[in-house]
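What follows is a set of notes on a single structure, which appears directly below.
Protein chains: 4
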Amino acid sequence: MAKLYFNYSTMNAGKSTVLLQASHNYIERGMKTYLMIAQLDNRAGDGRIGSRIGIGANADTFGPGEDLYVKVQKRLGEGPCACVFVDEAQFLERQQVWQLARAVDDLDVPVMAYGLRVDFLGKLFPGSAALLALADEMREVRTICRCGKKATMVVRKDEYGQVLTSGEQIAIGGNDRYVSLCRKHWREEMGEPKPES
Amino acid sequence: MAKLYFNYSTMNAGKSTVLLQASHNYIERGMKTYLMIAQLDNRAGDGRIGSRIGIGANADTFGPGEDLYVKVQKRLGEGPCACVFVDEAQFLERQQVWQLARAVDDLDVPVMAYGLRVDFLGKLFPGSAALLALADEMREVRTICRCGKKATMVVRKDEYGQVLTSGEQIAIGGNDRYVSLCRKHWREEMGEPKPES
Amino acid sequence: MAKLYFNYSTMNAGKSTVLLQASHNYIERGMKTYLMIAQLDNRAGDGRIGSRIGIGANADTFGPGEDLYVKVQKRLGEGPCACVFVDEAQFLERQQVWQLARAVDDLDVPVMAYGLRVDFLGKLFPGSAALLALADEMREVRTICRCGKKATMVVRKDEYGQVLTSGEQIAIGGNDRYVSLCRKHWREEMGEPKPES
Amino acid sequence: MAKLYFNYSTMNAGKSTVLLQASHNYIERGMKTYLMIAQLDNRAGDGRIGSRIGIGANADTFGPGEDLYVKVQKRLGEGPCACVFVDEAQFLERQQVWQLARAVDDLDVPVMAYGLRVDFLGKLFPGSAALLALADEMREVRTICRCGKKATMVVRKDEYGQVLTSGEQIAIGGNDRYVSLCRKHWREEMGEPKPES
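Chains as they are written, first to last, in our numbering: chain A, 404 to 600; chain B, 404 to 600; chain C, 404 to 600; chain D, 404 to 600.
This is the structure in C-alpha cells:
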C-alpha cells in the first residue's frame with residue numbers, strides 16, 4: 404500500500420526544505436529514512452541535500468544506469484527504512500523511475516521524489532516525464548513570479564544576465580542563473596514563438 | 404488571471420461526466436461555454452462529448468495542425484464565452500497545448516482539458532506530456548482497479564481478450580477493449596520487464 | 404487502509420453527479436456500492452440521489468439518531484460492498500460522522516461523503532464541521548459565481564427574490580431559492596457586518 | 404484576486420517550516436511579507452515563528468479581540484507587503500478569520516494561515532472551524548503516525564506520560580506532551596466511546 408509521490412515545482416521554490424522536513428518527521432518518530440540526490444559530478448555516494456534556507460542532510464547519490472530498485476533493496480537489507488526520499492528527481496532516467504515504482508509496489512516502501520517539472524525551454528525533464536506518468540500522488544511546491552502570481556516556468560541567464568533561448572537542458576552554473584516566472588512573463592522574456600516549437 | 408487546467412485519469416473514470424457537469428454549471432448561470440473534442444475521423448466540426456452514464460453534448464472538434472489559439476479567438480469573437488472545455492486532450496499536439504496556454508494568458512479565458520495520462524504501454528500521450536508540463540492546475544479524476552485500489556494504468560486487449568504488449572498508441576476499437584488497473588496489476592498483466600524499456 | 408473522504412462544495416456544483424459517477428465506476432467493474440442520503444421527511448428507507456443534469460439512483464436514507472456504523476455493518480453482512488456513498492452529508496450528526504469513521508477503520512470499507520461546506524449565513528453545518536475535522540481526504544467540487552470566480556458561499560432568497568440574512572439553517576424550498584456566489588459578492592448581497600457575528 | 408489559504412495539519416508536521424520557506428520565497432524575490440503568530444502570553448508584538456528543524460523569523464502577534472483587518476491595513480499603509488502569513492491560526496477567533504477574509508478581498512493581499520485542525524479530543528479549534536468554512540484553498544501538511552500511516556489526530560499526555568481524555572483545549576506545556584497519531588491508534592489510546600460524544 405506504499406505510494407510513489409512526485410512533488411514538483413520550478414526552481415527555488417523550497418523543494419529541498421520540504422523534503423528535509425518530511426524526512427525529519429520520520430526521524431523524530433524514531434524511524435529511519437533513505438535520502439538520495441542526483442550525482443552530477445564524479446563523487447559517487449557522498450551527496451548532500453541542502454536548502455537555501457539553511458538546513459541540510461547527507462544523502463546517497465544516484466547516477467546514470469544505476470538500478471535504483473537494487474539500491475533500495477540493498478538499503479532495506481541493511482536495516483529498517485520507513486521512507487525513501489529522492490532529490491533532483493528530474494535527473495532520473497525513465498527506467499529508474501520504473502525501478503522506484505517497483506520498489507514501492509514490491510518492497511512496500513514509500514518513495515517521495517522532488518524535482519523540477521520543466522527546463523528553461525518549457526520542456527519536461529526525462530525524470531519528470533516518467534514521474535508525471537507514473538506517480539500515485541502529485542503535489543506542487545509553489546513559488547511566485549516577480550509579479551506575485553504563481554511561477555511555473557524558469558529562464559536561464561548567461562553570465563551577463565541575458566536570457567538564453569537555446570542550450571543544453573543541464574548546465575553548469577549556480578541557481579542564481581535561473582529565475583522562476585509565471586508563464587506570461589516567461590513568454591515575454593523568451594520571445595515568441597520559439598518556445599512552442 | 405484565467406488558468407489552464409488538466410484533469411487527467413486512466414480510461415473509463417468518468418472524465419466526460421465531470422466535463423459535462425462543469426460546463427452545465429456555467430450554462431445554469433446564464434454563461435456560455437465552448438466544447439471541443441478530438442476529431443478521430445473525417446467528420447470535422449460535428450463532434451459530440453458523451454458519457455457512459457448517459458449524458459452528452461454537442462462539441463466542436465480539433466484535428467492535427469489546427470491552430471487552437473485562432474479557434475478560441477474566433478469563438479470569442481462570435482459572442483461571450485466563459486470557459487473552454489477540451490475532451491480527449493491526450494490527442495492534442497504539443498503546439499496546440501501551447502496555443503491553448505496562450506489563449507488562457509492573452510485572451511483571459513479559462514481552458515479545462517480532460518484526458519488520459521498514459522497509454523496502454525505506460526507512456527505519456529503527446530497532449531498529456533505537454534499539459535503535464537504547462538497546466539496551471541492538475542487534478543486526478545479517480546477510478547478503481549478490480550482490486551479496489553486506485554487505477555492509474557490501462558491495458559488494451561485484442562478481440563480474443565488477450566492483453567497486448569505492443570502496438571500503436573491509438574487504435575480503433577471500443578472502450579471495452581481497455582481495462583483500467585493499478586500499477587501492480589498492470590505489471591502482472593503486461594509481464595516484466597518489457598514495459599520499462 | 405480504507406479512508407473517509409469528504410467532497411465539499413457550495414450549492415448546485417454537481418456533487419451528486421460526481422457521487423453517481425464514482426459509484427458507477429464501481430458497478431461497471433462488477434462491484435457493489437451502498438448509497439445513503441439524508442432523510443428530510445418521513446419516508447425512511449426509500450431515498451433517491453438525483454442530479455440536475457439528469458441522472459439518478461435509489462438510495463437508503465439516514466435520519467437523526469441512527470447508528471451509521473450499525474447500518475454499514477448490516478449492509479456488509481448482506482453481501483459484498485466495495486464503497487459507501489453518503490449524499491447531503493452536511494446533515495450528518497457529529498456522532499454519525501464518528502460512526503462512519505469507525506466503519507472505515509474497523510470494517511475496512513471506504514466512505515465517500517458529499518455535502519455542503521457552509522450554510523447561507525456562512526456557518527459550517529454540523530455534519531460538515533465533523534467531516535472537515537475527521538476526513539482523511541478532502542476535495543472541493545468547484546462551481547462558479549456569476550462573476551466567473553469560484554463560488555464558495557451561498558445566499559438564500561425568499562419567495563420574492565429577496566436575500567435572507569437570518570433564518571433556520573435548513574429550510575423547506577427548492578434549490579432555486581439558493582444562489583452560489585464568491586465571498587465578495589456574497590458579502591455584497593448579505594450586507595456588512597452582520598455575517599461576521 | 405488574492406486568496407485566503409489554510410494549511411492545516413496535526414502537531415509537529417512542520418507547518419512553521421513550510422510557512423518560513425514560503426515567506427522566504429517572497430523575500431528572495433525582493434518582496435516583503437508580514438508574519439503574525441498567536442500571542443499566548445503577555446508579550447504583545449514581539450513574537451517569533453520557530454521551527455523544530457532549526458529555522459525561525461520574528462513575527463508580530465495577534466491576541467483576542469484584535470481587529471486583524473485593521474492590523475493588515477495598517478501594515479500595508481507602512482509599505483509594500485506581498486503576502487500575510489499567520490502561524491498558530493487555530494487560535495484565531497471566528498471574527499478574526501472574517502477580518503482576514505475581508506483583507507484578502509478588499510485589500511487584495513493573499514493571506515496564508517497555518518494551524519492545527521483538531522485538538523486532542525478530536526474537536527475543531529475555533530480558528531480552524533472558521534478557516535475550514537471560509538478558506539479559498541485548503542492544503543494538508545502531512546506527517547506520520549508511529550505506524551507509518553498519515554497522522555491526523557493528536558493525543559495529549561500528562562507529566563507521567565499518561566494520555567489525557569479530558570481537559571482544556573489549550574494547555575501550558577511543551578510540544579513533547581503531544582503525540583500525533585492516525586485515527587485508529589488515537590482511538591486505541593483514547594479508549595472508546597468517549598471521544599464521540
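Built from N, CA and C at the ideal position, the CB exists for glycine as well. Fair warning: this is a prediction, and the values are worked out from it, not measured in the lab.
To the nearest angstrom, how far is it from the Cα of Gly459/C to the Cα of Asn410/C? Rounded to the nearest angstrom, the gap between the Cα atoms of Gly459/C and Asn410/C is 18 Å.
Mind checking if Gln565/B is an interface residue toward chain C, Cβ cutoff 8 Å exclusive? Not an interface residue.
Determine whether the Cβ of Ala405/C lies closer than 8 Å to any Cβ atom of chain D. Chain D contact via Cβ: absent.
For Lys552/B, does the three-state DSSP call read helix, strand or coil? In this structure, Lys552/B counts as coil in the three-state DSSP scheme.
Considering only DSSP beta bridges, list what Asn461/B is partnered with. Answer by DSSP bridge pairing, in chain order: Arg451/B.
Out of Glu591/B, Arg586/B, Glu592/B, which has the shortest C-alpha to C-alpha gap to Lys406/A? Among Glu591/B, Arg586/B, Glu592/B, the Cα nearest to that of Lys406/A is on Arg586/B.
Nearest candidate by alpha-carbon position, reference Cys484/C, set Val500/C, Gly551/C, Ala462/C, Met434/C: The residue among Val500/C, Gly551/C, Ala462/C, Met434/C with its C-alpha nearest the C-alpha of Cys484/C is Met434/C.
In chain order, what residues of the region 447–479 of chain A put their CB closer than 9 Å to some CB of chain D? Within the region 447–479 of chain A, the qualifying residues are Ser454, Arg455, Ile456, Gly457, Ile458.
Chain-ordered residues of the region 412–432 of chain A with a beta carbon less than 8 Å from chain D: Residues of the region 412–432 of chain A whose Cβ lies closer than 8 Å to any Cβ of chain D, in chain order: Asn415, Ala416, Gly417, Thr420, Val421, Leu423, Gln424, Ala425, His427, Asn428, Tyr429, Glu431, Arg432.
Relative to the alpha-carbon of Gln476/B, which residue among Leu503/B, Lys552/B, Gln572/B, Tyr581/B has its alpha-carbon at the smallest distance? Relative to the Cα of Gln476/B, the nearest Cα in the group Leu503/B, Lys552/B, Gln572/B, Tyr581/B belongs to Leu503/B.
Mind reading off the beta-carbon distance from Leu584/C to Glu592/C? Whole number of angstroms is fine, and I expect it under 8 Å. Rounded, the Cβ-Cβ distance is 7 Å, consistent with contact.
Could I get the ranges of all uninterrupted alpha helix (DSSP H) runs contained in the region 522–553 of chain A, with 4 residues as the minimum, in chain order? Listed in chain order, they are 529–537.
Check whether the Cβ atoms of Tyr344/A and Ala516/A sit closer than 8 Å, and answer yes or no. Residue 344/A falls outside the range modelled here, since chain A spans only 404 to 600, and no answer is possible.
How big is the Cα-Cα spacing for Ala533/B and Phe465/D? When rounded, the distance between both Cα atoms is 45 Å.
From Tyr429/C, Phe528/C, Ala538/C, Glu595/C, residue whose alpha carbon lies closest to that of Thr413/C: Of the listed residues, the one whose Cα sits closest to Thr413/C is Phe528/C.
Distance between beta carbons of Ala425/A and Arg545/A, contact taken as under 8 Å: About 16 Å separates the two Cβ atoms, so there is no contact after all.
Separation of Glu543/D from Lys418/D, as counted between CA atoms: When rounded, the distance between both Cα atoms is 9 Å.
Using a cut-off of 9 Å between C-beta atoms, extract the partners of Ala485/C located in chain B. Within 9 Å Cβ-Cβ: Ile547, Gly551.
In terms of DSSP beta bridges, what is Gly518/A paired with? BP columns for Gly518/A point to Tyr411/A.
Counting only the same chain and skipping the five closest in sequence on each side, list residues whose C-beta sits under 7 Å from that of Tyr472/B. Cβ neighbours of Tyr472/B beyond the five flanking positions: Gln502, Arg505, Ala506.
Out of curiosity, what's the CA-to-CA distance linking Ser600/D and Gly518/C? Low per-residue confidence applies at Ser600/D: pLDDT is 46, beneath 50, and the placement is therefore not dependable enough to give any value.
What residue from Gln498/C, Val521/C, Tyr563/C has the CA that sits closest to Lys526/D's CA? Ranking Gln498/C, Val521/C, Tyr563/C by Cα distance to Lys526/D puts Gln498/C first.
Mind listing which residues of the region 507–533 of chain D have their C-beta closer than 9 Å to chain C's C-betas, in chain order? Within the region 507–533 of chain D, the qualifying residues are Val507, Asp508, Asp509, Arg520, Val521, Gly525, Lys526, Leu527, Ser531, Ala532, Ala533.
Same chain, Cβ closer than 8 Å to Lys560/A, neighbours up to 5 away in sequence not counted: Once the five neighbours on either side are set aside, the close Cβ partners of Lys560/A are Val566, Leu567, Arg580, Tyr581, Val582.
Proximity test, Cβ basis, 8 Å: Met593/D and chain C: Taking Cβ atoms only, chain C never reaches closer than 8 Å to Met593/D, which makes this a no.
Selected residue, minimal CA-CA separation from Leu537/C, among Leu524/C, Ile573/C, Met556/C, Leu495/C: Comparing Cα-Cα distances from Leu537/C to each of Leu524/C, Ile573/C, Met556/C, Leu495/C, the minimum goes to Leu495/C.
Buried or exposed (CB count within 10 angstroms, at least 16 for buried), Ser569/D: Burial check for Ser569/D: the Cβ neighbour count within 10 Å stays below 16, so the residue is exposed.
For Ala441/C, does the three-state DSSP call read helix, strand or coil? Strand.
Span of the alpha helix (DSSP H) around Leu510/B: Following the DSSP letters along the chain, one finds Leu510/B inside the alpha helix (DSSP H) bounded by residues 497–510.
At a CB-CB cut-off below 8 Å, which residues of chain B make contact with Asp539/A? Near Asp539/A (Cβ distances below 8 Å), the residues of chain B are Lys553, Thr555, Arg586.
Is there at least one Cβ from chain B nearer than 8 Å to Thr568/C's Cβ? For Thr568/C, not one C-beta of chain B is nearer than 8 Å to its own C-beta.
Using alpha carbons as the reference points, say which of Asp511/C, Tyr563/C, Met541/C, Leu524/C lies closest to Glu595/C. Nearest option by C-alpha distance: Leu524/C.
Leaving out five residues on either side along the sequence, give the residues of the same chain with a beta carbon under 7 Å from the beta carbon of Lys552/B. Within the same chain, and ignoring the five residues on either side of Lys552/B in sequence, the residues whose Cβ sits closer than 7 Å to its Cβ are Cys585.
Do you know how far the Cα of Ile430/C is from the Cα of Val514/A? Rounded to the nearest angstrom, the two C-alpha atoms are 32 Å apart.
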